[in-house]
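Quick note, the sequences are listed as chains A and B, same order. Taking the numbering used here, the leading residue of the first sequence gets 92, the next gets one more, and so forth. Taking the numbering used here, the leading residue of the second sequence gets 18, the next gets one more, and so forth. Idealized CB from N, CA, C, for every residue including glycine. This report concerns only the one structure given below.
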Amino acid sequence: MTILEGVLIILGMFVVTFGIRFCLYARAHKVVLPQWFDEALVFVPISVLSAIIAPMIFMQDDRVNISLDNPWFVGALLAFVVGLWRQNQLLTIAVGVIGFYLVKLLAS
Amino acid sequence: MSFRAHNKVFLQGAVASTPMIVGGIPFGILFGSLAMSYDLSPWFAVAMSAIVFAGSAQFVALGLIYADAPLWVIVSTTFIVNLRHILYAADLVKFIKHLPIKWRFILGFGLVDETYAAIRPMYGNGSINESNGHYAYLGSFLSFYLMWQMCTVIGIVAGELFPSLSEWGMEFAMVATFIGIITPYLHARDGKQLTQKTARYLMRFPYWLALAVASISSLLLTELPNNLGLLVAALLGVLVGFVTHKLLARIWLGEVA
């Protein structure tokens, strides 16, 4: 990768990323969203984040692996249960990460 | 409002983001070390974290650069991976629309998953409002930004010292962080006016359904190019969640949808 290519990649990524985040804010006074749209937005974070992490959790080497020797699955399951039970983000993350590494160590 | 009061709200925003900032640390370190293991310039990694500031898109871009993908593929993939942020902006714009453009410019730049997840509930439960919320938003963004830059540099240095660092599975920290963001929604107390406990439990069901639909469809759609499956799966989750919510609201609240 040349320096020019590097600059173009970063510039291009910046333009689209910032453009997405800023376009509604830029015309904030004129943005009028219908009520139903507002209600649907509540479901955005849970849907987007689930869609990002589901393949990481369940897929190993291009196939679904739901078993106790998949550290991703075990760690995620533990985090999920703790998150539902205690609703404490730090605890959720800690328990998930510990579970993940325990299985990773035991499996290797 | 006084400087001191602004300061307090700023800190409130930073504190609310702390769990996710901690979860982001390994992820940021991994980014720096992965860039090194792909033989990229340290300056390139630093510049990308500082200017693009988009965790998951930065990882996808590294993979694409490593695979020698053309510029337009890198940029269009970044677009799709980050498209979810427009939905966050659509949700938050009502709270910040009265601010001067330079404020909106900075807040737009700082609109990441973690800040949205930290700030949105604070507006929802009334602990911040239109008049002071942007200070909490700024506090969340700046503390997350500072962490992200520091961890990128730490990762670059650590990646030089321990070349196998990028194989330790540190991206699991992102999975755990996102689960920490998701689970409170499954407790969402929609329809507080409902006295029947069963009805309150039932109103959580659309969130569970959105979770299931988005997860399963993203697994089924992994073959789609340029992470398009992610976008389709997310939209399906939103659609199913919203429609079920409307149906349940009509049944239990007698509300005309």
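- For the pair B/ALA78 and B/ILE91, the CB atoms are nearer than the 8 Å cut-off.
- Proximity of the region 169 to 179 of chain B to the region 42 to 55 of chain B meets the contact definition, three or more beta-carbon pairs being nearer than 8 Å.
- Within chain B, no residue has its CB atom less than 8 Å from the CB of A/ARG154, the nearest being about 10 Å off.
- Spanning the alpha carbons of B/ASN146 and B/ALA153 requires a straight line of approximately 10 Å.
- Taking 8 Å as the cut-off, the Cβ atoms of B/SER183 and B/SER54 count as close.
- Going by beta carbons, B/VAL63 and B/THR194 fall outside the 8 Å limit.
- Nearest to B/HIS115 by alpha-carbon distance, out of A/ARG112, A/ILE111, A/LYS121, A/ILE94, is A/LYS121.
- Sixteen is the threshold: when 16 or more other Cβ atoms of the shown chains lie within 10 Å of the Cβ of B/GLY125, as they do, the residue is buried.
- Sequence-ordered contacts of the region 103 to 117 of chain B with chain A read ILE103, LEU104, TYR105, ALA106, ALA107, ASP108, LEU109, VAL110, LYS111, ILE113, LYS114, HIS115, LEU116 [C-beta pairs closer than 9 Å].
- The residues GLN29, GLY30, ALA33, ILE145, GLY150, ALA153, in chain order, have a CB closer than 8 Å to that of B/MET139 in the same chain once the five nearest residues on each side in sequence are set aside.
- Sequence-ordered contacts of the region 238 to 259 of chain B with chain A read THR239, LEU247, ALA250, ALA251, GLY254, VAL255, GLY258, PHE259 [C-beta pairs closer than 7 Å].
- Less than 8 Å separates the beta-carbon of B/LEU226 from that of B/VAL257.
- A/PHE149 places its beta carbon 8 Å or farther from that of A/ILE143.
- The DSSP-derived three-state label of A/VAL155 is strand.
- Take the alpha-carbon of B/LEU203 and the one of B/ALA22: they are about 33 Å apart.
- Secondary structure of B/MET37 (DSSP, three-state): helix.
- Secondary structure at A/MET150: strand, using DSSP grouped into helix, strand and coil.
- One finds MET92, ILE94, GLY97 in chain A with Cβ atoms closer than 9 Å to the Cβ of B/SER58, taken in chain order.
- Beta-carbon to beta-carbon, B/ALA134 and A/SER138 are separated by about 14 Å, too far to satisfy the 8 Å threshold.
- At a C-beta separation below 8 Å, A/VAL135 has these neighbours in chain B: ARG101, LEU104, TYR105, ASP108, ALA251, VAL255.
- When C-beta atoms of the region 171 to 179 of chain A are compared with those of the region 260 to 267 of chain B, fewer than three pairs fall below 8 Å, so the two segments do not count as touching.
- Rounded to the nearest angstrom, the Cβ distance from B/ALA74 to A/MET104 is 7 Å, consistent with a contact under 8 Å.
- Scanning B/GLY127, B/MET164, B/PRO180 for the CA closest to the CA of B/LEU155 turns up B/GLY127.
- Listed by position along chain B, the residues whose Cβ is nearer than 7 Å to that of A/VAL188 are PHE189, ALA190, ALA193.
- Counted as a single uninterrupted DSSP element, the alpha helix (DSSP H) harbouring B/SER232 occupies residues 222 to 237.
- According to the DSSP assignment, B/ALA67 belongs to no alpha helix (DSSP H), since it is labelled neither H nor E.
- Taking a Cβ-Cβ threshold of 7 Å, the residues of chain B close to A/PRO146 are SER235, LEU236, THR239, in chain order.
- Annotation for B/ILE42: MET164, CYS168, ALA190 place their beta carbon closer than 8 Å to its own, counting only its chain and skipping 5 residues before and after.
- At the C-beta level, A/TYR116 and B/ILE103 stay beyond 8 Å of one another.
- Here B/ALA84 is exposed. Its C-beta has fewer than 16 other C-beta atoms within 10 Å.
- A straight-line Cα-Cα distance of about 10 Å links B/ILE46 and B/GLU188.
- Contact between B/GLU131 and B/MET65 is ruled out by a C-beta separation of about 18 Å, above the 8 Å threshold.
- With a threshold of 16 other beta carbon atoms within 10 Å, B/ILE118 falls short and is exposed.
- Taken in chain order, the complete alpha helix (DSSP H) segments of 4 residues or longer contained in the region 85 to 141 of chain B are 88 to 99, 101 to 113, 118 to 126, 130 to 141.
- A Cβ-Cβ separation of about 7 Å places B/THR200 in contact with A/THR183 under the 8 Å criterion.
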